[in-house]
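Sequences listed follow chains A and B, in order. Going letter by letter, the first sequence gives residues 1 to 113 in the numbering used here. Going letter by letter, the second sequence gives residues 1 to 108 in the numbering used here. Read through the structure below, which is laid out as structure tokens, and then see the notes.
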Amino acid sequence: SAVISQKPSRDICQRGTSLTIQCQVDSQVTMMFWYRQQPGQSLTLIATANQGSEATYESGFVIDKFPISRPNLTFSTLTVSNMSPEDSSIYLCSASGGETEAFFGQGTRLTVV
Amino acid sequence: GIQVEQSPPDLILQEGANSTLRCNFSDSVNNLQWFHQNPWGQLINLFYIPSGTKQNGRLSATTVATERYSLLYISSSQTTDSGVYFCAPETSGSRLTFGEGTQLTVNP
């Protein structure tokens with residue numbers, strides 16, 4: 001199983017600012033994803049982080065708001081841009097080998113004030 | 001996109017009781033995974049189960065892909081089983097669609 005480290009684990013940010021979340025996997029993985037979990041709700045897929053190319057975004061999520069990088073097979077970042085209180089959520093990084101079980105980081109609890 | 005329905009939404013048990021959680025999904029899927037989210041928010045993968053039955057200790061899962069449902073069985077529940085249980089069918093590109101979850105509370 002893969003071990004995924006996410007940081008920061010939590011942050012409180014001012015509206016209008018941006019936060020970059022880092023995700024480090026302890027082994028090379030084929031697939032990396034970013035999810036959002038709003039308070040009391042389920043997880044929603046934001047995008048697939050593609051190694052060496054632009055991320056693939058799900059409906060309702062755009063690159064200008066959630067730019068994603070994946071420079072190699074073990075690391076990805078998600079930036080939450082121009083934040084508003086509605087962006088207060090848990091953001092989770094996930095990794096899998098493709099057609100295998102998915103593993104999750106511990107999440108980043110973001111509060112926007 | 002695929003629709004995922006979990007039942008029951010909430011479940012309260014006494015320690016030692018057994019339970020069955022259900023997950024219905026609307027389309028054909030490549031596989032299905034079950035997760036447990038503990039009270040601290042950590043998601044733990046319980047089963048990767050495209051079809052058939054798997055067992056892991058007190059937990060077992062069955063997926064009947066042709067009928068588009070999966071079941072998670074918890075036997076002899078313990079207080080540490082408390083949390084939210086999610087099923088997540090996998091569609092193209094290894095993307096997971098999560099159900100709304102079952103909130104399980106096990107009382108001592």
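For every residue, glycine included, the Cβ atom is placed at its ideal position computed from N, Cα and C.
Compare the C-alpha of residue i against each of the options and name the closest.
i: Val62 (chain A); options: A:Asp87, A:Gln41, A:Ala47; result: A:Ala47
i: Asn18 (chain B); options: B:Ile49, B:Ser82, B:Trp40; result: B:Ser82
i: Pro108 (chain B); options: B:Gly16, B:Asn24, B:Leu46; result: B:Gly16
i: Asp87 (chain A); options: A:Leu110, A:Glu54, A:Gly40; result: A:Leu110
Skipping 5 residues on each side, what residues in its chain have a beta carbon closer than 7 Å to that of residue i?
i: Ser84 (chain A); result: Arg15, Val112
i: Glu58 (chain A); result: Leu45, Ile46, Ala47
i: Asn24 (chain B); result: Glu5, Arg68, Tyr69
Check this for me: beta carbons of residue i and residue j, under 8 Å apart or not?
i: Gln28 (chain A); j: Thr108 (chain A); result: no
i: Ser42 (chain A); j: Glu100 (chain B); result: yes
i: Ser51 (chain B); j: Ala61 (chain B); result: no
i: Ile21 (chain A); j: Leu78 (chain A); result: yes
Just the chain A side, please: which residues come within less than 8 Å of residue i by C-beta, in chain order?
i: Phe86 (chain B); result: Ser42, Leu43
Note down, in chain order, every chain A residue with its Cβ under 7 Å from the Cβ of residue i.
i: Gln14 (chain B); result: Those do not exist, as Gln14 (chain B) stays about 25 Å from chain A at its closest Cβ, beyond 7 Å.
i: Ser75 (chain B); result: Those within 7 Å of Ser75 (chain B) in chain A number zero; the least Cβ separation is about 22 Å.
Is residue i helix, strand or coil by DSSP?
i: Pro85 (chain A); result: helix
i: Ala88 (chain B); result: strand
i: Ala102 (chain A); result: coil
i: Gly1 (chain B); result: coil
Got a sec? Which residues, its chain only, sit under 6 Å from residue i by beta carbon, not counting five neighbours each side?
i: Lys65 (chain A); result: Ser81
i: His36 (chain B); result: Ile44, Leu46, Gly83, Tyr85
i: Tyr48 (chain B); result: Gln33
i: Thr105 (chain B); result: Ile12, Ser82
i: Phe75 (chain A); result: Gln24
Note down, in chain order, every chain B residue with its Cβ under 8 Å from the Cβ of residue i.
i: Leu92 (chain A); result: Leu43
Near residue i, what residues of its chain come up, given a Cβ to Cβ distance below 8 Å and the 5 sequence neighbours on each side ignored?
i: Leu96 (chain B); result: Gln33, Ala88, Pro89, Glu90
i: Ser92 (chain B); result: Asn30
Strictly below 7 Å CB to CB, what residues from chain B border residue i?
i: Ser53 (chain A); result: Ordered by position in chain B, no residue passes the 7 Å Cβ test against Ser53 (chain A), which lies about 14 Å from the chain.
List, in chain order, every chain A residue whose beta-carbon is nearer than 9 Å to that of residue i.
i: Glu67 (chain B); result: Within chain A, no residue comes near Glu67 (chain B); the closest Cβ sits about 22 Å away, beyond 9 Å.
i: Gln33 (chain B); result: Glu101, Ala102
Residues of chain B with CB closer than 9 Å to the CB of residue i, please, in chain order.
i: Met32 (chain A); result: Result: empty, since nearest Cβ-Cβ is about 10 Å, beyond 9 Å.
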